[in-house]
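K.L.:
Just dropping this structure here.
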Amino acid sequence: MKNDTNTLCHLIQVLQAFWEEQGCVILPSWDMEIGAGTMSPYTFFYVLKDNSYKACYVQPSRRPVDGRYGDNPNRVYKHHQMQVILKPSPENIQDLYIDSLAAIGFPTKDHDIRFIEDNWAAPTLGAWGIGWEVWLDGMEITQFTYFQQVGGIELAIPAVEITYGLERIAMYLQDKHSLYDLQFNEHLQYHDLRKEEEIQQSIYCHEKAEPSRLYSLFTLCFEEGEMCFQNDLIWPGYEYALKCSHIFNILDALGALSVSERAQYLARVRSLARKAANAVVASQKGGFSNES
Amino acid sequence: MNPDFFVEIGLEELPFVAMKQLFEEMPQAFEKWLQEQSIVHEESFFWVTPRRMVFYATKVEPLQKILPMKTKGPPVSVALQNEVETPALKGFLKKCGADTYEIETWNGQDYIFCTVQPPCKKIEDVVKDQFPLWIQAFPFSSQMNCHQYRFVRPVRWICSMYGDTLLPIALFSVTSDAYSLGLRGFPSIPIRSASEYRAIIKQNHIMLDTLERIQAIQNKESTQRPFHIVEKNAFCTEWPIVCNASFPPDLLQVPKEAICTMIEDHLICFTQQDQNGELTPSFQFVMNGPRDEKNVARGYEKVITAKLEDAKFFFLQDQKVPLQDRSSHIDRMIFMKGLGTVLQKTNRLLSLARAFPCGVDEEVLQRAAYLSKMDLSTHMVEELPELQGTMGRIYGSLQGENKEVCKALESYYFPKRESDPIPDDSIGRSLGIIDRIDTLSGAFSIGSSVSSSADPLGLRRQMNGLLRILYENPISIDLKKAFSYALSCYQTENHLEIQKEEVLQALSDFYSSRLLLFLQSFHRYDLVNAVLCSHWIHPFEAKETITLLETQLLEEEFKILCESFTRIQNITKGEYSCEPAQESLLKDPQEIALYDALKTMVPNENKSTDSEDLVIQLKKMYSLNPFIVDFFDFVLVHCDDPATKENRLRLISAINTYFLRFCDFSKIVFQGGH
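Sequence lines, in order, name chains B and V.
Just so you know, the numbering used here puts the end of the first sequence at 292, numbered straight through with nothing missing.
Just so you know, the numbering used here puts the end of the second sequence at 966, numbered straight through with nothing missing.
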């Protein structure tokens with residue numbers, strides 16, 4: 001195999017092409033700070049609706065608390081997830097997934113691929129799913145989840161969510177010990193483009209961020225979100241929930257929240273998210289199907 | 293010879309709990325189903341792997357075997373008139389499909405009976421109709437919404453045959469086929485007949501039998517592998533192969549407990565020790581099926597190395613802030629929702645340790661209590677919560693804390709589960725006691741409770757830990773005072789509003805109910821009931837009393853004592869007088885004698901008998917036996933004179949009280965009654 005076929009860019013292209021072949025719409029990343037692919041409206045909203053849906057997108061995922069100043073070879077402020085949502089789930093979904101691994105260079109016969117039970121739950125959203133973490137030769141490379149309930153409501157059509165950890169997979173493919181040594185393409189390495197960002201984001205999130213301004217920012221976003229929901233504006237309302245969530249994550253990474261404050265902030269983020277979930281389930285507006 | 297039959301259901305990976313349940317329950321359930329369906333067979337088997345359930349029966353007869361049934365018809369008086377068959381009889385015979393009948397007496401009257409042979413269906417039809425219904429209704433311990441249906445996990449294929457013919461079954465939208473699936477990445481497996489299924493499937497690297505998989509993992513070398521890891525691997529592989537791998541030796545500087553947690557618990561692999569029991573930089577993983585071993589090992593090595601490198605980083609970082617300087621860190625951590633921070637918990641423990649040192653060196657206990665929660669704020673424990681306590685001990689030692697303190701920092705968490713030992717050091721035991729008293733008091737004061745099915749805070753485990761430590765050690769502590777004090781600490785430290793009397797009552801009830809069950813797992817239930825006749829009984833004292841009672845059960849004196857006690861209870865009918873009997877009102881010699889005897893036993897009401905040796909206490913009670921027997925034989929308690937009657941009731945009430953200090957003898961059951 002030629003070296004350039006293992007690049008991070010190529011990996012993304014292959015996975016996207018694979019799932020496009022399966023009928024997925026290839027979407028751009030959601031253009032906001034997001035903690036995990038599931039929180040993108042492209043997942044959160046569309047798994048709640050009663051229609052079929054197939055989508056695939058790369059989502060940069062920011063976890064301020066994981067920022068390591070570009071030092072740690074495995075942990076970063078921002079990593080990338082490849083998110084695949086299929087609703088309803090095809091009966092051969094596991095085989096499709098296995099095929100996708102073969103497509104990116106892990107022929108199943110040569111590797112040990114295991115589905116290890118790992119269910120997902122977000123009790124405050126009344127949401128849970130049955131699932132597995134997929135181990136490739138002992139390495140957790142994917143989260144595989146069948147959504148079961150959201151807002152305490154059993155989903156009429158359970159969606160399957162497949163989340164690939166792109167950096168991890170690429171590290172294995174390229175046989176790199178550090179994420180910063182990954183090849184984006186033939187010429188550019190991860191550290192060329194991302195190291196400085198990681199260092200600065202870590203300094204910001206762990207040291208320099210100004211808590212008092214962030215408190216105000218959080219409150220402003222929360223109030224704006226509340227106002228949106230009062231006017232049945234679910235989409236902008238949810239985006240403010242995402243903003244709150246990210247601001248909370250920075251405050252948390254700073255260690256700027258006392259125990260009771262932490263609980264309060266978290267409760268407010270969740271209340272916005274719950275409003276969005278309930279509103280989507282209740283409205284079921286904008287029904288469509290991207291299945292031919 | 294009758295052919296074999298099997299059904300293989302292919303699934304997406306089953307969770308551990310479901311596999312365990314199936315492994316334990318399904319073989320009997322399947323055999324029972326076969327019998328209920330009147331399917332005649334020689335042997336039945338059930339196997340479960342992560343991806344398949346297999347139901348197999350040997351030498352299955354082609355038809356159901358249902359025994360003929362006798363059916364009762366009309367009485368003879370209705371069925372036959374002048375020995376002629378009436379329409380009623382003809383109708384009955386037609387319904388039964390019978391030509392002949394018998395007459396039998398039933399309830400003193402003659403009736404018509406027919407022998408009916410129910411139709412015996414072909415095995416193919418029985419399985420096709422009944423098997424899907426049965427398996428869908430099976431109470432799997434884990435179920436999910438699989439879009440159009442609910443089942444343990446999504447069904448992906450079915451392979452089923454009777455002899456060499458395909459048995460058509462449909463389960464949800466999946467229909468059976470003559471193909472089974474092999475390991476992932478291996479071709480599908482055509483099955484030509486049921487009898488070759490087992491051999492063929494094995495040739496294709498599927499070990500159906502869980503015990504065989506367990507053995508394959510255990511057998512590789514002579515060293516004993518931890519069973520829980522063996523079992524987990526057997527439950528997530530179909531063809532386990534144990535392989536070797538290694539990690540860079542410099543990572544051995546990570547504490548071995550962290551290395552073991554990561555390798556054994558997170559990656560379900562095996563660590564390896566040298567002859568001296570020291571960890572080596574190598575480990576073994578279990579591969580599912582024959583694959584490129586080098587490839588797979590490379591993956592595992594990468595994972596372990598990355599994890600250990602992280603751990604090394606945490607280990608070095610953590611030591612920059614010694615445990616003793618971490619109070620501001622634990623002030624940012626919640627102890628339990630509604631119960632404040634971990635620092636507040638620590639402060640309460642310090643107060644409790646001061647008030648209830650449980651007979652150990654107070655300074656050492658104070659230090660241990662102060663440091664007991666600090667390790668919760670370290671990166672290492674954040675990453676590996678199961679190492680709480682262990683990291684406290686390790687960091688404490690590195691930072692020059694007293695040896696006893698370090699030991700207690702880890703040991704006080706024990707017993708974590710039923711099979712664990714209790715701490716073998718007195719500081720650890722004392723800290724364990726006050727920590728659990730604090731947790732239970734806090735949880736109850738915010739209205740947490742435990743039901744038979746729900747115990748989200750693990751309070752039962754906390755209480756059982758407390759009981760076990762106290763049961764196994766004569767640690768002197770007044771439990772009522774300690775719990776009451778713990779509640780006060782929440783009032784002062786957390787400013788929590790507590791209905792103290794109510795909470796204490798709830799705690800006392802919970803304590804008694806757990807102690808009852810706990811003691812009953814070691815001792816006769818009646819002796820336990822006898823001893824638990826008041827609140828907050830110390831488990832160790834309960835044990836001592838019960839153990840003494842156990843030695844006395846066959847003694848005649850003991851039996852008499854119990855009988856006397858029961859007689860007292862019967863006569864007083866639960867109405868006791870607290871007033872002392874008046875000497876001047878005593879009349880009969882037997883009551884005077886009893887009064888005098890009792891007086892020598894209880895010379896001073898204020899002097900407690902608690903300190904008295906149990907054997908002496910019992911001997912003293914025995915010495916009362918003849919007086920009590922005489923009393924009951926000759927003295928009429930319920931006499932006509934109200935003053936005399938009252939005085940006699942007071943006398944036996946006093947005896948009752950005296951006995952009850954030891955135990956409630958009326959609860960003790962003798963074979964064949966008292």
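Virtual Cβ for every residue (Gly too), placed ideally from N, Cα, C.
#1: Please confirm whether residue 517 of chain V and residue 562 of chain V have their CB atoms less than 9 Å apart.
#2: Taking a Cβ distance cut-off of 8 Å, strictly less, list which residues of the region 474-486 of chain V are near chain B, in chain order.
#3: Taking DSSP's pairing of strands, which residues face residue 149 of chain B in a bridge?
#4: What residues from chain V crowd round residue 79 of chain B, counting only those whose CB sits closer than 9 Å?
#5: DSSP on residue 507 of chain V, reduced to helix/strand/coil?
#6: Contact between the region 703-713 of chain V and the region 744-762 of chain V: three or more CB pairs below 8 Å?
#7: Taking only beta carbons into account, state which residues of the region 585-617 of chain V come closer than 9 Å to chain B, listed in chain order.
#8: In its own chain, which residues sit with a C-beta less than 8 Å from the C-beta of residue 400 of chain V, not counting the 5 before and 5 after it?
#9: Restricting to Cα atoms, I'd like to know which of V:627, V:618, V:714 and V:654 is closest to residue 669 of chain V.
#10: Using Cβ-Cβ distances below 7 Å, what residues of the region 547-569 of chain V are close to chain B?
#11: Is it the case that the Cβ atoms of residue 80 of chain B and residue 167 of chain B are separated by a distance below 9 Å?
#12: Going by the DSSP bridge assignment, what does residue 115 of chain B pair with across the sheet?
#13: Kindly indicate which residue of V:569, V:403 and V:788 has the alpha-carbon position closest to the one of residue 394 of chain V.
#14: Over the uninterrupted beta strand (DSSP E) stretch that includes residue 87 of chain B, give me the two end residues.
#15: Going by C-alpha to C-alpha distance, which of B:25, B:55 and B:23 sits closest to residue 38 of chain B?
#16: Kindly indicate which three-state DSSP category residue 936 of chain V falls into: helix, strand or coil?
#17: I'd like to know whether the C-beta of residue 104 of chain B is nearer than 9 Å to at least one C-beta of chain V.
#18: By how many angstroms is the C-alpha of residue 346 of chain V removed from the C-alpha of residue 795 of chain V?
#19: Assign residue 931 of chain V to one of two classes, buried (16 or more other C-beta atoms within 10 Å of its C-beta) or exposed (fewer than that).
#20: Do you know how far the Cα of residue 210 of chain B is from the Cα of residue 294 of chain B?
#21: Since residue 798 of chain V and residue 736 of chain V are thought to touch, with beta carbons under 8 Å apart, how far apart are those beta carbons, to the nearest angstrom?
#22: Output the distance between the C-alpha atoms of residue 59 of chain B and residue 212 of chain B, rounded to the nearest integer angstrom.
#23: Return no unless some Cβ of chain D is closer than 9 Å to the Cβ of residue 629 of chain V.
#24: Check the C-beta distance from residue 658 of chain V over to residue 645 of chain V and give it rounded, since I have them as a contact under 8 Å.
#25: Could you round the C-beta distance between residue 297 of chain V and residue 415 of chain V to whole angstroms and report it? I think they count as a contact, below 8 Å.
#26: Pull up the distance between the alpha-carbon of residue 306 of chain V and that of residue 341 of chain V, whole angstroms please.
#27: Provide the residue span of the beta strand (DSSP E) that contains residue 450 of chain V, from first to last.
#28: Let me check one thing: in DSSP terms, what residues is residue 536 of chain V bridge-paired to?
#29: Kindly indicate if chain B contains any beta-carbon less than 9 Å away from that of residue 496 of chain V.
#30: Which residues does DSSP list as the beta-bridge partners of residue 402 of chain V?
#31: Using a Cβ-Cβ cutoff of less than 6 Å, which residues in the same chain neighbour residue 407 of chain V once the five nearest sequence positions on both sides are dropped?
#32: Skipping 5 residues on each side, what residues in its chain have a beta carbon closer than 8 Å to that of residue 589 of chain V?
#33: Since residue 828 of chain V contacts residue 803 of chain V with CB under 8 Å, what's their CB separation in whole angstroms?
#34: To the nearest angstrom, report how far apart residue 16 of chain B and residue 546 of chain V are at their CA atoms.
#35: Starting from the C-beta of residue 683 of chain V, find all residues in its chain whose C-beta is less than 7 Å away, skip the five residues before and the five after it, and write them out in chain order.
#36: I'd like the span of the beta strand (DSSP E) that includes residue 297 of chain V, first residue to last.
P.N.:
Checking against the coordinates, here is how it stands:
#1: Residue mapping note: residue 517 of chain V aligns to position 225 of the second sequence, counting from 1. Residue mapping note: residue 562 of chain V aligns to position 270 of the second sequence, counting from 1. Their beta carbons are under 9 Å apart, which means residue 517 of chain V touches residue 562 of chain V by this criterion.
#2: 476, 477 and 478
#3: Taking the first residue of the first sequence as 1, we reach residue 149 of chain B at position 149. Paired residue(s): B:128 and B:154.
#4: Here residue 79 of chain B refers to the residue found at position 79 of the first sequence. Those within 9 Å of residue 79 of chain B in chain V number zero; the least Cβ separation is about 14 Å.
#5: Numbered from 1 along the second sequence, position 215 holds the residue referred to as residue 507 of chain V. The answer is helix: DSSP assigns residue 507 of chain V an H, G or I state.
#6: yes
#7: 587, 588, 589, 590, 591, 592, 593, 594, 595, 596, 597, 598, 599, 601, 602 and 605
#8: Within the second sequence, numbered from 1, the residue matching residue 400 of chain V stands at position 108. If we look at residue 400 of chain V and ignore the five residues flanking it on each side, it has no Cβ neighbours.
#9: The residue you call residue 669 of chain V lines up with position 377 of the second sequence. The candidate whose alpha carbon is nearest that of residue 669 of chain V is V:618.
#10: 559
#11: Counting from 1 along the first sequence, the entry for residue 80 of chain B is found at position 80. Counting from 1 along the first sequence, the entry for residue 167 of chain B is found at position 167. Yes, these two residues count as a Cβ contact at 9 Å.
#12: For the purposes of this step, residue 115 of chain B is taken as the residue at position 115 of the first sequence. Partner(s): B:134.
#13: For the purposes of this step, residue 394 of chain V is taken as the residue at position 102 of the second sequence. Considering only alpha carbons, the answer is V:403.
#14: As a working note, residue 87 of chain B is residue 87 in the first sequence. 78-87 is the span of the beta strand (DSSP E), which, as asked, contains residue 87 of chain B.
#15: As a first step, residue 38 of chain B must be located in the first sequence, where it is residue number 38. Of B:25, B:55 and B:23, the residue nearest in Cα terms is B:55.
#16: Here residue 936 of chain V refers to the residue found at position 644 when the second sequence is read from its first residue. DSSP places residue 936 of chain V in helix when its eight states are reduced to three.
#17: Residue numbering aside, residue 104 of chain B sits at position 104 when the first sequence is read from its first letter. So no, residue 104 of chain B is outside the interface.
#18: For the purposes of this step, residue 795 of chain V is taken as residue 503 along the second sequence, with counting starting at 1. For the purposes of this step, residue 346 of chain V is taken as residue 54 along the second sequence, with counting starting at 1. Rounded to whole angstroms, residue 795 of chain V to residue 346 of chain V spans 53 Å at the Cα level.
#19: In the second sequence, counting from the first residue as 1, residue 931 of chain V sits at position 639. It is exposed - the Cβ of residue 931 of chain V has fewer than 16 other Cβ atoms within 10 Å.
#20: As shown, chain B starts at 1 and ends at 292. That puts residue 294 of chain B outside it, with no answer to give.
#21: Locating residue 798 of chain V in the second sequence gives position 506, where the first residue counts as 1. Locating residue 736 of chain V in the second sequence gives position 444, where the first residue counts as 1. Right, their Cβ atoms sit about 5 Å apart.
#22: In the first sequence, the residue the question calls residue 59 of chain B occupies position 59. In the first sequence, the residue the question calls residue 212 of chain B occupies position 212. Those two C-alpha atoms are separated by around 29 Å.
#23: Among the protein chains in the structure shown, which are B and V, there is no chain D.
#24: Position 366 of the second sequence, counted from the start, is the residue given in the question as residue 658 of chain V. Position 353 of the second sequence, counted from the start, is the residue given in the question as residue 645 of chain V. Going by Cβ atoms, the distance from residue 658 of chain V to residue 645 of chain V rounds to 6 Å, so yes, they are a contact pair.
#25: Within the second sequence, the letter at position 5 stands for residue 297 of chain V. Within the second sequence, the letter at position 123 stands for residue 415 of chain V. About 7 Å separates the two Cβ atoms, so the contact holds.
#26: Start at 1 with the first residue of the second sequence, and residue 306 of chain V comes out as number 14. Start at 1 with the first residue of the second sequence, and residue 341 of chain V comes out as number 49. The alpha-carbon atoms of residue 306 of chain V and residue 341 of chain V are separated by roughly 8 Å.
#27: Along the second sequence, read from residue 1 onward, the residue named residue 450 of chain V stands at position 158. Taken as a continuous stretch (DSSP letters only), the beta strand (DSSP E) holding residue 450 of chain V covers 447-454.
#28: Along the second sequence, one-based indexing puts residue 536 of chain V at 244. According to DSSP, which records beta bridges pairwise, residue 536 of chain V is partnered with V:576.
#29: Translated into the one-based positions of the second sequence, residue 496 of chain V becomes position 204. No, residue 496 of chain V does not count as interfacial toward chain B.
#30: As a working mapping, residue 402 of chain V is identified with position 110 in the second sequence. Per DSSP, V:397.
#31: The count along the second sequence starts at 1 and reaches residue 407 of chain V at position 115. These residues qualify, in order along the chain: 360 and 362.
#32: Here the question's residue 589 of chain V lines up with position 297 in the second sequence. These residues qualify, in order along the chain: 535, 536, 537 and 577.
#33: The residue labelled residue 828 of chain V in the question sits at position 536 within the second sequence. The residue labelled residue 803 of chain V in the question sits at position 511 within the second sequence. Going by Cβ atoms, the distance from residue 828 of chain V to residue 803 of chain V rounds to 7 Å, so yes, they are a contact pair.
#34: Locating residue 16 of chain B in the first sequence gives position 16, where the first residue counts as 1. Locating residue 546 of chain V in the second sequence gives position 254, where the first residue counts as 1. Whole-angstrom Cα-Cα distance: 40 Å.
#35: As a first step, residue 683 of chain V is located in the second sequence; it is residue number 391 there, counting from the start. Excluding residues within five positions, the ones whose Cβ falls inside 7 Å are 667, 670, 672 and 673.
#36: As a working mapping, residue 297 of chain V is identified with position 5 in the second sequence. Run containing residue 297 of chain V: 297-303, per the beta strand (DSSP E) assignment.
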